[in-house]
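Going by our numbering, the first residue of the sequence shown is number 1, and it counts up by one from there. The C-beta atom is built at its ideal place from N, Cα and C for all residues, glycine as well. Structure first, then comments.
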Amino acid sequence: MATRSKKQPGHDLEYLRIRNDHTWENGRRYHGHKSEFPFPDDRRTTAGIVWPDLAGGKPFIAPLNLPLKKNTKILDVAARGGAWLYSLRDSDDGIYSKARLTGLEPAWMVGDAGPAWLLHRDLEGPWPFTAKEAFHLIHGEALGGLLKDWDGFYTNAFKYLVPGGWVEIREHNLKFCPREGKEKEMEGKWDAIQQWSELIDEAAQKFGKRVNMGAKQKELMEQTGLVDIQEQIFKIPTRVWKDDPTTKNGEYYHDHWIDNIEGYSLRLFTKTLGWSKEDTDGLLKRVLQELDQEDLQLYSLFYLIIGRKPTSAAR
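Laid out in structure tokens, this is it:
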């Protein structure tokens with residue numbers, strides 16, 4: 001039977017009092033309110049390590065004027081403790097540090113109150129801003145599995161952008177493909193991985209908060225009315241391919257899967273698909289064994305997409 005614990009937050013106290021209770025399942029801690037998130041909150045994902053390299057070493061690719069000025073306002077959605085925002089504030093060259101930074105954070109994502117600019121609120125439904133607080137850049141990373149209503153997310157983003165402001169979204173798929181030209185060679189080497197990929201996608205859809213949403217972002221931006229949309233798609237290997245020195249990110253991505261596949265899986269498999277913990281562990285063990293094959297040549301897709309609010313749009 002699940003047990004509950006309550007935290008004593010020090011920021012947005014009344015809100016956190018309601019939101020910051022937790023449920024333990026299968027040895028992992030989940031936010032307890034309505035069981036509305038599929039992933040645990042006891043660890044942070046490591047996939048973000050890959051993004052700085054993909055973005056050319058920059059914290060964002062949206063074409064804001066640099067250095068950022070004091071009146072430049074930036075919002076990070078699902079801020080995960082503010083790591084990305086801290087990278088702006090603490091940048092060595094100081095070109096980002098003057099901006100006014102805000103993080104929008106579901107309470108379950110952080111264990112303590114955090115700084116005053118980290119706001120604990122639902123991501124869905126109305127955002128807690130006014131028209132005067134509109135942003136020049138709204139950034140969101142790894143929102144798949146967190147949102148039920150993507151149309152509502154983009155409606156909020158459009159509403160709280162200044163005319164000419166940008167949305168930048170970063171998503172990575174929880175599914176894999178064999179390297180082109182290596183399909184035959186990979187046969188039989190990733191059966192468990194393939195089974196897991198299909199099941200996690202099925203479970204997330206059934207849960208109501210889909211993963212693998214990267215390919216949908218461009219269309220969602222267009223439907224919302226954003227313009228000048230640019231999409232970059234990267235193939236990130238699950239290991240370093242020895243014959244390709246450009247696949248160095250595979251080392252980080254391999255570690256990401258070793259650290260996080262259990263968290264991605266347990267609630268979705270046991271509560272949503274009805275698997276036993278033992279059967280889930282058995283599949284994950286086979287997946288990890290396959291991921292550890294040094295000659296495995298699979299990749300996942302990472303999507304980096306930006307779109308601009310028209311300058312003619314109302315504030």
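Taking DSSP as the reference, what is the three-state secondary structure of residue i?
i	result
Thr246	helix
Asp93	coil
Pro106	coil
Gly208	coil
Arg121	coil
Lys73	strand
Leu304	strand
Pro237	strand
Asp295	coil
Ser35	With a pLDDT of 45 at Ser35, under the threshold of 50, the modelled position of this residue cannot be trusted, and the question is left open.
Gly274	coil
Phe269	helix
Can you list, in chain order, the residues of its chain with a C-beta nearer than 6 angstroms to that of residue i? Leave out the 5 residues immediately preceding and following it.
i	result
Tyr96	Leu68, Leu88
Pro310	Val227
Thr102	Leu75, Trp117
Arg100	Lys73
Glu363	Outside the shown range of the chain (1 to 315) lies residue 363, about which nothing can therefore be said.
Trp166	Ala62, Leu137, Ile306, Arg308
Gly82	Gly103, Leu118
Ala313	Pro163
Looking only at its chain, what residues have a beta carbon closer than 8 angstroms to the beta carbon of residue i, apart from the 5 residues adjacent to it on each side?
i	result
Thr46	Confidence at Thr46 is low in this model, with a pLDDT of 46, below 50, so its placement is unreliable and the value that follows should be read with caution. So the qualifying residues of the chain are Tyr252, Asp255, His256, Asp259, Asn260.
Thr317	No answer is possible for residue 317: it lies beyond the span of the chain, which begins at 1 and ends at 315.
How about residue i and residue j: do their beta carbons lie closer than 9 angstroms?
i	j	result
Tyr303	His172	yes
Gly225	Phe129	no
Ala142	Val287	no
Gly140	Glu168	yes
Trp196	Tyr160	no
Asp149	Leu220	no
In its own chain, which residues sit with a C-beta less than 7 angstroms from the C-beta of residue i, not counting the 5 before and 5 after it?
i	result
Gly144	Glu171, Arg210, Val211, Asn212, Met213
Ser91	Ser97
Val240	Thr247, Lys248, Gly250, Glu251
Leu66	Ile95
Leu85	Asp76, Ala79, Leu101, Gly103
Compute the minimum distance between the beta carbon of residue i and the heavy atoms of the ligand FMN, and state whether it is under 8 angstroms.
i	result
His172	Absence of the ligand FMN from the depicted structure is noted, as is the absence of any ligand whatsoever, leaving it without description.
(request) With a floor of 3 residues, list each beta strand (DSSP E) that falls wholly inside the stretch 143-201, ordered by position along the chain. (result) List check, beta strand (DSSP E) in window: 161-172.
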